[in-house]
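Student: I am attaching a structure below and will ask some questions about it afterwards.
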Amino acid sequence: MKKAIAPILMFATVLLASLLCMRYTFVCQEYEGLFLNTPDWWARAWAQQLPVSGIISDFLTQFYRDPLYGAIITAVLITGVFLLLRGILCRFGLSGNAIAAFASGALWVFVAHSSTSKPAVFVLLLMAAAWLLSLLFKIKQLRKERKADLPLSSVMLVAAAACVVLSPAVMRAENFNRVKVDALYGIWDDLLATVPPEEAEKNAELTPFALLALSGKGELGDKMFTYPVFEQNDLDMEAYDGKGEYYTSLLFKACLYQYLGCYNEAIHNYFQWSTQLRQGTSFVVLRRLAELYCLQGNYDLMEKYCRILDKSLLNGAYVRHFRAMATKGTAQQPTSVQDRAAMPVISHDPLYNLVLLQSSGFDTRMSADRMLCTLILKKDFIRFGSIMEVLAPAYEHIPLHFQEVMVFAGLRSFDVDAAVVERYSAFVSDMMDMPQERLFQLYKGSAFPFLFSE
C-alpha cells in the first residue's frame with residue numbers, strides 16, 4: 001500500500017495542476033492537431049522523426065478537445081514514466097521513488113512548455129523498453145526503500161508543480177490560447193475579461209483581438225481608446241514582423257473576415273494559417289472550412305472537407321451537423337455563384353476591404369465601426385466626415401470616439417453631446433500647462449490624446 005502513495009500523488013498533482021493552468025492549451029493542441037486514417041496521413045506520419053511516438057501523440061491529442069481528457073492523458077503519461085523508472089531502479093537494488101520523482105517531474109515541466117505530448121510518449125516508450133530489458137537480469141535481493149524517499153519525492157513533485165503552475169511561459173501560452181479559442185468562437189465577454197487594457201499594455205499582440213471583441217459587441221466606437229492604440233496596425237494586424245506575428249495575423253484575419261461575412265477572405269486566411277501548422281492543416285481548419293463553405297452555399301466543397309473529417313475518429317458530430325445544414329439549405333449570403341465571385345477582397349488594404357464590404361451590401365455595424373475607426377487612426381477626417389454623413393442615421397446614438405472626432409475636426413453638421421464638447425475644452429486647457437504623461441493618464445479612454453498627437 002505504501003508503494004502506491006507516490007504514484008497516486010503524482011497522478012493527482014499532474015491532473016489538478018494541468019486542469020488549473022493548461023485547459024485552453026489542451027484545447028488548442030486538439031485544434032492544431034491532426035489524425036486521419038488516410039494513406040497520405042500515414043505516409044507523412046511514418047516519414048517524421050520518431051514516427052511511433054508521433055503517431056501515438058497525434059492519436060491522443062484528438063481527445064484534448066475536452067481539457068479533462070487532456071489532463072488525464074498527461075497525468076497517465078507522467079505517472080507511467082514514474083512507475084516504470086521506479087521499477088527499473090528497484091530491479092537493480094536501488095530505492096527509486098526520489099530519483100523517479102525527479103526525472104518524471106522534469107519531464108512534466110518540459111512537456112508543459114512544449115506544444116505536444118510527443119516527448120512524454122517517447123520517454124514512456126523508452127522506459128517501457130528499458131523495463132522489459134531489465135527483466136532479463138535476475139537479482140536476488142532488492143534494497144528496501146528508505147524512509148526519507150517519500151518525503152523527498154513529495155518535495156520534488158511540489159517543485160515540479162510550482163515550475164508548471166507559476167511558469168510565466170506556461171501562463172502566457174495559456175492566456176494566448178484562451179484568446180484564440182474565444183476569437184474563433186466569438187466569446188466576446190470572455191475575451192475582454194482575458195485581455196483587459198492592462199494586459200494589452202504588456203502584450204501588444206493581444207490588442208487587435210480585444211478590439212475585435214469590442215467590434216463584435218458593437219462597442220468599438222466607444223471604447224477603442226481604452227486600449228493602447230497608436231496606429232492602424234493595432235486595429236487590423238495587417239503588418240507583421242517575424243513568423244510568430246505572421247501566424248497570429250493570419251488567425252486574426254481569418255476570424256475577422258468570417259465575422260464580417262466575407263467568407264472568401266476568411267477561407268483564404270484559414271488556408272494561409274494552416275500552412276504555418278505542423279501538419280499543414282488541422283482539425284479546426286478542416287471544421288472551419290466545412291462550415292464556411294456550407295454558409296457560403298458551396299455544398300460541393302463543404303462535402304469535400306466533410307469526407308476528410310469522416311476519416312478521423314471524433315469529428316462525426318461535426319460532419320452530421322454540416323450535412324444537416326446543407327440538406328436544409330441554411331446557407332447565408334452571398335448565395336449565388338455571381339455574388340461569391342464578386343467578393344474577392346484580396347487587397348492588403350483593410351480600409352479598401354471594408355469599403356468593398358459596405359458597398360456590396362454587407363453594411364453591418366461591425367464593418368461600419370471598423371471602417372470609421374480605421375479612418376480615425378489614419379487621421380483622414382475628410383473621408384470620415386463624408387462617410388459619417390451616410391452612416392450617421394443608422395446609429396441610435398453616435399459612438400463617443402466618433403463624436404470626439406467631430407468636435408476635433410470641426411464637423412458641425414452632426415449633433416454632439418454637450419459633455420463631449422466640455423471634455424474637449426477641458427483637454428485643450430489642460431494641454432497648455434499639464435505634463436504629457438499626466439495628461440494622457442487623465443484622459444485615458446478618450447480619443448483626444450491620439451488626435452492631438454503627431
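Quick note on numbering: the numbering used here labels position 289 of the sequence shown as 289, and the sequence is numbered without any gaps. For every residue, glycine included, the Cβ atom is placed at its ideal position computed from N, Cα and C.
1) Express the C-alpha separation of residue 318 and residue 83 in angstroms, rounding to a whole number.
2) Buried or exposed: where does residue 62 fall if 16 or more other Cβ atoms within 10 Å of its Cβ makes it buried?
3) Given this structure, state the Cα-to-Cα distance separating residue 202 from residue 320, to the nearest angstrom.
4) Is the beta carbon of residue 96 sitting closer than 8 Å to the one on residue 85?
5) Can you give the Cα-Cα distance for residue 240 and residue 132, rounded to whole angstroms?
6) Any C-beta of chain D sitting closer than 8 Å to the C-beta of residue 399?
7) Starting from residue 25, follow the alpha helix (DSSP H) in both directions and report where the run begins and ends.
8) Just the C-alpha distance for residue 14 and residue 54, rounded to the nearest angstrom, thanks.
9) Buried or exposed for residue 438, please, with buried defined as at least 16 other CB atoms from any protein chain shown within 10 angstroms of its CB.
10) Once the 5 residues before and after residue 100 are set aside, which same chain residues still bring their CB inside 6 Å of it?
11) Using only the alpha-carbon positions, how far apart do residue 175 and residue 45 sit?
12) Can you tell me which of the three DSSP states residue 341 falls into?
13) Whole angstroms are fine: how far does the CA of residue 198 sit from the CA of residue 446?
14) In the structure shown, what three-state DSSP assignment does residue 410 receive?
15) Do you know how far the Cα of residue 124 is from the Cα of residue 160?
16) Less than 8 Å between the C-beta atoms of residue 216 and residue 188, yes or no?
17) Between which residues of its own chain and residue 71 is the CB-CB distance below 6 Å, once the five residues before and five after are set aside?
18) Using the three-state DSSP reduction, which class does residue 237 fall into: helix, strand or coil?
19) Is the separation between the beta-carbon of residue 267 and that of residue 292 shorter than 8 Å?
20) Classify residue 261 as helix, strand or coil using the three-state DSSP reduction.
21) Along the chain, where does the alpha helix (DSSP H) containing residue 217 start, and where does it finish?
22) Apart from the five residues just before and just after residue 376, which ones in its own chain have a Cβ nearer than 6 Å to its Cβ?
23) Considering only the alpha carbon of each residue, which of 349, 37, 103 lies closest to residue 120?
24) Taking residue 129 as part of the alpha helix (DSSP H), name the residues at either end of that continuous run.
25) With DSSP collapsed to three states, give me the class of residue 14.
26) Measure how close the beta-carbons of residue 366 and residue 351 come, nearest whole angstrom, since I'm counting them as under 8 Å.
Tutor: Per the coordinate set shown:
1) Translated into the one-based positions of the sequence shown, residue 83 becomes position 83. Translated into the one-based positions of the sequence shown, residue 318 becomes position 318. Here the alpha carbons of residue 318 and residue 83 stand approximately 38 Å from one another.
2) In the sequence shown, residue 62 corresponds to position 62, counting from 1. The C-beta of residue 62 has 16 or more other C-beta atoms within 10 Å across all chains shown, which makes the residue buried.
3) Along the sequence shown, one-based indexing puts residue 202 at 202. Along the sequence shown, one-based indexing puts residue 320 at 320. Going by the C-alpha atoms only, they are around 43 Å apart.
4) On the sequence shown, position 96 is the one that residue 96 refers to. On the sequence shown, position 85 is the one that residue 85 refers to. Residue 96 is a Cβ neighbour of residue 85, given a cutoff of 8 Å.
5) On the sequence shown, residue 240 is found 240 positions in, with the first residue counted as 1. On the sequence shown, residue 132 is found 132 positions in, with the first residue counted as 1. Each residue's CA atom was taken as its position, placing residue 240 and residue 132 some 51 Å apart.
6) Going by chain labels, chain D is absent from the structure shown, which holds only one protein chain.
7) Mapped onto the sequence shown, residue 25 falls at position 25. Counting along the chain, the alpha helix (DSSP H) containing residue 25 begins and ends at 23-31.
8) Numbered from its first residue, the sequence shown carries residue 14 at position 14. Numbered from its first residue, the sequence shown carries residue 54 at position 54. Using only the alpha carbons, I get a separation of about 22 Å.
9) One-based indexing of the sequence shown puts residue 438 at position 438. It counts as exposed.
10) Residue numbering aside, residue 100 sits at position 100 when the sequence shown is read from its first letter. Within the same chain, residue 100 has close Cβ partners 82, 85, 86.
11) Translated into positions along the sequence shown, residue 175 becomes position 175. Translated into positions along the sequence shown, residue 45 becomes position 45. Note on geometry: alpha-carbon atoms of residue 175 and residue 45 lie some 30 Å from one another.
12) What you label residue 341 is simply residue 341 of the sequence shown in a count that begins at 1. Here residue 341 scores only 46 on pLDDT, less than 50, and its place in the model should not be relied on; the value that follows carries that caveat. Note: residue 341 maps to helix in three-state DSSP.
13) In the sequence shown, the residue the question calls residue 446 occupies position 446. In the sequence shown, the residue the question calls residue 198 occupies position 198. Each residue's alpha carbon lies about 16 Å from the other.
14) Here residue 410 corresponds to residue number 410 of the sequence shown, with the count starting at 1. Three-state DSSP puts residue 410 in coil, outside helix and strand.
15) Sequence index remark: in the sequence shown, residue 160 carries index 160 (1-based). Sequence index remark: in the sequence shown, residue 124 carries index 124 (1-based). The alpha-carbon atoms of residue 160 and residue 124 are separated by roughly 18 Å.
16) On the sequence shown, position 216 is the one that residue 216 refers to. On the sequence shown, position 188 is the one that residue 188 refers to. The answer is yes: Cβ separation under 8 Å.
17) In the sequence shown, the residue the question calls residue 71 occupies position 71. Cβ-Cβ distances below 6 Å link residue 71 to 15, 18, 19 in the same chain, with the five nearest sequence neighbours on each side left out; the list follows chain order.
18) For the purposes of this step, residue 237 is identified with residue 237 of the sequence shown, where counting begins at 1. Note: residue 237 maps to coil in three-state DSSP.
19) Counting from 1 along the sequence shown, the entry for residue 267 is found at position 267. Counting from 1 along the sequence shown, the entry for residue 292 is found at position 292. Cβ distance < 8 Å, so residue 267 and residue 292 count as in contact.
20) As a working mapping, residue 261 is identified with position 261 in the sequence shown. Three-state result, residue 261: coil.
21) Taking the sequence shown and counting its residues from 1, one reaches residue 217 at position 217. If you look at residue 217, you'll find it in the alpha helix (DSSP H) that goes 207-217.
22) For the purposes of this step, residue 376 is taken as residue 376 along the sequence shown, with counting starting at 1. These residues qualify, in order along the chain: 405.
23) Looking up residue 120 in the sequence shown gives position 120. Comparing alpha carbon positions, the residue from 349, 37, 103 closest to residue 120 is 103.
24) Sequence index remark: in the sequence shown, residue 129 carries index 129 (1-based). Looking at the DSSP string, the run of the alpha helix (DSSP H) that includes residue 129 is 118-134.
25) Mapped onto the sequence shown, residue 14 falls at position 14. Helix at residue 14.
26) Position 366 of the sequence shown, counted from the start, is the residue given in the question as residue 366. Position 351 of the sequence shown, counted from the start, is the residue given in the question as residue 351. Separation of the CB atoms of residue 366 and residue 351 is rounded to 15 Å, and the pair is thereby denied contact status at 8 Å.
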